[in-house]
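Please read the structure below before turning to the comments.
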Amino acid sequence: MKLNAYTGTAALFRLILRRDWLVLLVCVILPALLAVATAAAFIQLLPSAASLEAFVFDTANIPAEMALLGRIYAPTIAGLTAWRWSAYSAVLVGLGSALFVVRHTRTQEEAGRFELLDATVVGRQAALSASLLVAFGANVVIAALVAGGLIVYGFPAAGSVALGLSVAAVGATFAAIAGVAAQLTESAGTAKGIAVAILGIGYLLRAASDIGEHNELSWLSPLGWMQQIRPYADERWWIFILFIGAITILTVTGFALSSRRDVGSGLVRPRPGPASAAPSLRSPAALVWRLHRRSLLAWAIGFAAFGVVTGDLAKAGADQFAASPQLTSLLARLGGSSGVSDGFFTLALTIVVEIAAVYAIVTMLQMQAEEKEARIDPVLATAVGRLRWAGSYLLLAAVGTTVVLAAFSVPAGLTYGLSIGNVGYELPRVFAAAIVYLPAILVMAGIAMALYGLVPKLTFVSWGALLGIIVIELLGEIFQVSQSIQNISPFTHVPKVLVSEFSATPLILLVAVALALIITGLIGFQRRSIG
Amino acid sequence: MSVIEIHNLTKRYGKHVALDGIDLEVEQGEVFGFIGPNGAGKTTTLRILLGLLRKNAGEVTLLGGDPWRDAVALHRRLAYVPGDVNLWPYLSGGEVIDLLARLRGGFDQSRRDELLKRFKLDPTRKCRTYSKGNQQKVALIAALVSNVELLILDEPTLGLDPLMEAIFRECVTKVKQVGTTVLLSSHILAEVEALCDRISIINEGKIVETGTLAELRHLTRTTVSVKTRRPITGLARLPGVYSLTVDGTHARFSVDAEAINRVMRYLVQFDVRALTSAPPTLEDLFLRYYKLHEGDATQ
């Protein structure tokens, strides 16, 4: 009987590859491309040994950079590439691996597809083992491509292999974490939330350890382990034993939990719901709110946590800067004369608003999920018009984006303001700096609306647009990307109110662009067939 | 007065013709059966009636209005049960019933209680924990709680057990008594036979037959089993007799309605001992039209 539980793993393995081969292909090639692009950028940016040394010295003294990206262990081009590339790649690879495993385990189960499969010759552990195998395999391929790419580029072989494997190890660890999370709850959304929360906590622990006194915190986080491997800086190979141990324990735990529960259920029992609807549940907007309020709360908590950390870091950064007067040139680059903390908040916001844009797009594309699952039909068959229905999602996207921006900026301004004893001045400024991004994020929501209304098959392009903007900003920082390219991004046009003059004109233009996109989408949605 | 009038309705998906010029008329107060095999175009027709799909050609009038243009106003006067019921996994059954009924314009609380009791549905459970049959019950109750002029039901008993099917039939009979028009799509023939005043048969996007059940039966063959004292001979030569098997004094065959009288007179000469005849079931009708389309109806 025991062996039978894994029967069908090979068949499911092939099924997963058939369903997701394109996504997998892009996801394994992209990290290697980014690694080589990062290497190329540094070579161009730092042509001489002197410029390299200056960059390393400057960067090592900016707490914001250390918090966001970690410490630099090897002051060489290869070391900088490892430092900069691994910080975000590990998060992306970890996130991707976790979401992938949940997608092929709990999501399938929630949709009732396992009942069909389990009744055939597929064992109960087959889905978990097949998804983990694909995820582990994809990470091995990522490691090989990254190492291969960088070795071909001329970087030291040992360091390149260590770098590729370190990021892949994070990916495999989060795949295994997701394998456990998928057993705990009946809902795929919650399982994803657990995995993402662990990733977020891991990131914060690593960030806190890199800027603070408590360096041992780093050892609680897989992202910390990864950086402790120190590629190109006398690699510490033994840390891989930690990864292998953690992955083994998590995988065994996942299978053990999976064999102790019924198909479709989780270890946590669901509670019954209300017998009748709340009096307020009487409009499509109320339905959308009822469906997505919890997810908004989770987003807001995440943004608030990031806000507290950012506010705290801003203070630490200001202190360190005050102690090193030779860093004035950098200060000028970041925040001009208006202060280190302002520059730091401005930098942090560029990342925060991209995540807020993810929230806005996710919210808009819930419409497509409702249509695909045919849950839109019974609603539109009542006295609810299409405009009212789509308007409810637009409203949630706008309100929710405002909420997450406030959830970040209010704690950030409060923490920083309290630490320097000037809340009344700092809080409104930081809040304003965040909220002026709302029109730019609405442009992203508008792109999603336009695509959904006109060509629903192409809604994934809204993710492509956001990814393109992120790449422009990431590379824009290192490369001197020309202004006309940077202008493609709506975020470029938002006045950075902490470090420069406020101007209403670009905001009005952004609102106009957002409205034009939204109206186009709504007209298309009014005219097309549903489903 | 007609509640639904469809004339020459055509719907194409790319090159695939889902509806090929169908005509349909549903009178006020009748229960109209819309039957056909899977993929025949039933759901497409209903979704055009609900203004969810755009038509390519033809005229459609629903409750005196245009189902695409006047969707919101018309939907206050009708309730719909989709064929493929998908509910919000984290809402309870009770919440879904109340929500959909309120979005339509309100509902009758006492009827809601009664329907929950009759269908034996626990409204506190989250929709994702319901079986297919229970999800179907939620959708049915959500439609039946409102006072509407028209019910559009797409395969409404899919997943219900026979007991619940019987309760569903009682409910339809009840709404019919108060003058509600019902458009019922189905491929469960017993259900249509039990409930419908008139039916249309659709196959591959074309209406193949419309009429009352009696009218349609008139067109079809009766199955006869007969025992005689003398061996039966020569029956095969009679026009209108099909699927004949003779075993000495026992014969089984089917016969066209217009040939029955002649065949009976012919059989008398063999001294009939016992005779059973069965009216054609809808299933026979169905199979016959289905085969007709494939061109092998006449054996």
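In the order they appear, the protein sequences are chains A and B.
Residue numbers for the first sequence follow the numbering used here, beginning at 1 and rising by one.
Residue numbers for the second sequence follow the numbering used here, beginning at 532 and rising by one.
The beta-carbon is built from N, C-alpha and C at its ideal position, and this holds for glycine as well.
Keep in mind the model is a prediction, meaning the values are calculated, not measured.
Tell me, to the nearest whole angstrom, how far the beta carbon of residue i is from that of residue j; I am working on the premise that it is less than 8 angstroms.
i: L281 (chain A); j: E680 (chain B); result: So it is not a contact: roughly 25 angstroms between Cβ atoms.
i: L540 (chain B); j: I579 (chain B); result: 7 angstroms
i: A126 (chain A); j: T9 (chain A); result: 5 angstroms
i: T401 (chain A); j: A356 (chain A); result: 6 angstroms
i: R659 (chain B); j: E110 (chain A); result: 7 angstroms
i: L133 (chain A); j: G254 (chain A); result: Going by Cβ atoms, the distance from L133 (chain A) to G254 (chain A) rounds to 13 angstroms, so no, they are not a contact pair.
i: L533 (chain A); j: I194 (chain A); result: Residue 533 (chain A) lies beyond the range of chain A shown here (1 to 531); nothing can be said about it.
i: P272 (chain A); j: T655 (chain B); result: 4 angstroms
i: A782 (chain B); j: I763 (chain B); result: 5 angstroms
i: L451 (chain A); j: V461 (chain A); result: 6 angstroms
Using a Cβ-Cβ distance cut-off of 7 angstroms, determine whether residue i contacts chain B.
i: G336 (chain A); result: Residue placement at G336 (chain A) is poorly supported in this model, since its pLDDT is 46, which falls under 50; the coordinates are not used for a value here.
i: P274 (chain A); result: yes
i: V384 (chain A); result: yes
i: A369 (chain A); result: no
i: P279 (chain A); result: no
i: Y6 (chain A); result: no
i: R429 (chain A); result: no
i: E216 (chain A); result: no
i: I523 (chain A); result: no
i: S529 (chain A); result: yes
i: P378 (chain A); result: yes
i: W85 (chain A); result: no
i: R293 (chain A); result: no
i: A111 (chain A); result: no
i: R390 (chain A); result: At residue 390 (chain A) the sequence reads Ala, which differs from the Arg that was named. No, its Cβ sits nowhere closer than 7 angstroms to a Cβ of chain B.
i: A188 (chain A); result: no
i: A381 (chain A); result: yes
Indicate the three-state DSSP secondary structure (helix, strand or coil) for residue i in the structure shown.
i: I683 (chain B); result: strand
i: N215 (chain A); result: helix
i: E235 (chain A); result: coil
i: T251 (chain A); result: helix
i: N792 (chain B); result: helix
i: K586 (chain B); result: coil
i: N831 (chain B); result: Residue 831 (chain B) cannot be examined here, being either before or after the span of chain B that is shown, 532 to 830.
i: L460 (chain A); result: In the sequence under discussion, the amino acid at residue 460 (chain A) is Phe, which differs from the Leu named in the question. In the structure shown, F460 (chain A) sits in coil (DSSP, three-state: anything other than H, G, I, E or B).
i: E473 (chain A); result: helix
i: S533 (chain A); result: Outside the modelled stretch of chain A, which goes from 1 to 531, sits residue 533 (chain A), for which no answer is possible.
i: S280 (chain A); result: coil
i: L806 (chain B); result: strand
i: A440 (chain A); result: helix
i: V384 (chain A); result: coil
i: K651 (chain B); result: coil
i: F57 (chain A); result: helix
i: A516 (chain A); result: helix
i: V141 (chain A); result: helix
i: H718 (chain B); result: coil
i: P31 (chain A); result: helix
i: E65 (chain A); result: helix
i: Y203 (chain A); result: helix
i: N487 (chain A); result: coil
For residue i and chain A, any beta-carbon pair shorter than 7 angstroms?
i: P687 (chain B); result: no
i: R585 (chain B); result: yes
i: D551 (chain B); result: no
i: R608 (chain B); result: no
i: D629 (chain B); result: yes
i: G545 (chain B); result: no
i: V713 (chain B); result: no
i: E626 (chain B); result: yes
i: S677 (chain B); result: no
For residue i, list the residues DSSP reports as bridge partners.
i: V713 (chain B); result: B:V562, B:L682
i: E536 (chain B); result: B:E556, B:T592
i: T541 (chain B); result: B:D551, B:A588
i: V786 (chain B); result: B:T753, B:V772
i: K657 (chain B); result: B:S623
- Which full runs of the beta strand (DSSP E) of 3+ residues lie inside the segment 585 to 647 of chain B, going along the chain? Runs found: 588 to 593, 609 to 612.
- Message: Please give the ranges of any beta strand (DSSP E) in the segment 723 to 784 of chain B, keeping only runs that are unbroken, at least 3 residues long and fully inside the region.
- Response: For secondary structure counted as the beta strand (DSSP E) over 3 or more consecutive residues, the segment 723 to 784 of chain B holds these complete runs in sequence order: 729 to 734, 737 to 743, 753 to 759, 772 to 778.
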